[in-house]
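**Student:**
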Amino acid sequence: MTERAEGAAVMINVTAAPNSGKTALTEYLYSYYLNRGLQVARVKYPVYRPEDFGAIDYEDTGKRINAYIREGNPENWDVRTAQQFYAKNRIYFDKTIGIWRREKDVIISEDGKYTSIIWGPIMDSNLKKKEIEEWNKDIIEPDIHFTLRGPRLGGIEVVHKFENSGEWERCRQAHLSIATDLGWRIVDFNKVDGEEEIKKETARVAMEIINASEPLFERRKII
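Residues in the sequence shown are numbered consecutively from 196, following my numbering.
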């Protein structure tokens with residue numbers, strides 16, 4: 196049950212390098228808050244199928260981004276064009292985020308505009324951080340950001356343009372750098388063997404995020 200002012204949903208974001216455990220982590224957070232009786236929404240960027248959330252994707256950005264990443268780039272986008280479409284994908288979905296902020300207690304988001312700010316210049320050195328920031332300047336900002344520090348955990352998608360780019364370590368370091376610059380929480384996620392140990396490590400990391408986020412729930416009277 197909840198007591199809160201309208202518009203007070205807590206938005207928690209996890210942005211990290213690919214294959215760092217963030218999807219399993221956000222799934223854990225989603226289930227945890229549901230089990231506390233809260234109204235929870237979860238989104239992973241880019242949003243390939245906004246219609247699944249009742250959102251309108253005005254330029255089919257989700258399908259077109261997926262084709263760029265996984266289907267050989269049929270529209271022959273350069274990195275600049277791709278990043279402009281990533282920004283549009285977020286902007287269009289922000290209408291849904293705005294609804295969730297009014298109607299939900301918790302929003303769990305994975306990746307987002309900082310993913311572009313990091314990956315854009317890695318994939319094209321002529322693309323400047325300030326340009327990407329400008330395209331994404333009106334995106335709703337999460338209340339608290341986390342990134343993950345640890346080794347690559349596996350699960351590489353071979354056809355994925357970024358996961359298979361050979362730039363993973365550079366991407367990881369860029370996440371840690373931007374987290375330090377912007378005051379994000381950095382959480383260690385260790386590589387362990389065995390299904391049960393992986394579950395325990397995911398739960399441990401999730402509890403760090405939950406405990407760090409708890410003051411936001413207290414201030415907004417989400418109980």
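C-beta: ideal position from N, C-alpha, C; glycine also.
Could you spell out the range, first to last residue, of the alpha helix (DSSP H) harbouring Thr342?
**Tutor:** Element bounds for Thr342: not the alpha helix (DSSP H) but the beta strand (DSSP E), 339–344.
**Student:** Can you find the residues in the same chain that come closer than 7 Å, C-beta to C-beta, to Glu362, ignoring five residues on each side of it along the sequence?
**Tutor:** Ile317.
**Student:** Output the distance between the C-alpha atoms of Ile286 and Ala250, rounded to the nearest integer angstrom.
**Tutor:** 11 Å
**Student:** My output table needs one value for Val274: the three-state DSSP class, helix, strand or coil.
**Tutor:** In this structure, Val274 counts as helix in the three-state DSSP scheme.
**Student:** Measure the C-alpha to C-alpha separation of Ile373 and Asp306 and round it to an integer number of angstroms.
**Tutor:** Roughly 13 Å between the two C-alpha positions.
**Student:** Leaving aside the five residues before and after Tyr223 along the sequence, list all residues of the same chain whose C-beta is less than 6 Å from its C-beta, in chain order.
**Tutor:** Counting only Cβ-Cβ distances below 6 Å, and skipping sequence neighbours, we find Thr397, Ala401.
**Student:** Grouping DSSP H, G and I as helix and E and B as strand, with all else coil, what is Asn268?
**Tutor:** Note: Asn268 maps to coil in three-state DSSP.
**Student:** Considering only C-alpha positions, which residue in the set Ser320, Ala236, His340 is nearest to Trp295?
**Tutor:** If we check each option's Cα against that of Trp295, Ala236 comes out closest.
**Student:** Taking Tyr240 as the reference, give the member of Thr218, Tyr253, Asn230 with the closest Cα.
**Tutor:** Thr218
**Student:** If I follow the unbroken alpha helix (DSSP H) through Glu392, where does it start and stop?
**Tutor:** 390–414
**Student:** With a CB to CB cut of under 8 Å and the five nearest residues on each side skipped, what residues in its chain are close to Glu246?
**Tutor:** Asp252
**Student:** With DSSP run on the structure shown, which of helix, strand or coil describes Thr210?
**Tutor:** coil
**Student:** Counting Cβ pairs closer than 8 Å, one from the stretch 383–390 and one from the stretch 317–329, do we hit at least three?
**Tutor:** Segments in contact, no.
**Student:** Could you say which of Glu409, Ile393, Gly345, Asp255 lies nearest to Ala211 if we only look at CA atoms?
**Tutor:** Gly345
**Student:** Ignore the nearest five residues each way along the sequence and tell me which others in Ile207's own chain have a CB closer than 8 Å to its CB.
**Tutor:** Leu224, Val301, Ile302, Ile303, Ser304, Pro337, Asp338, Ile339, Phe341, Ile404, Ser408
**Student:** Between Arg265 and Trp330, what straight-line distance do the alpha-carbon atoms span, to the nearest angstrom?
**Tutor:** 24 Å
**Student:** Return the first residue and the last residue of the alpha helix (DSSP H) that Glu255 is part of.
**Tutor:** Sequence inspection shows Asp at residue 255; the Glu mentioned does not correspond to that position. Counting along the chain, Asp255 sits inside no alpha helix (DSSP H), nor does DSSP assign it H or E at all.
**Student:** Any beta carbon of chain C sitting closer than 9 Å to that of Tyr309?
**Tutor:** No chain C is part of this structure, which consists of one protein chain only.
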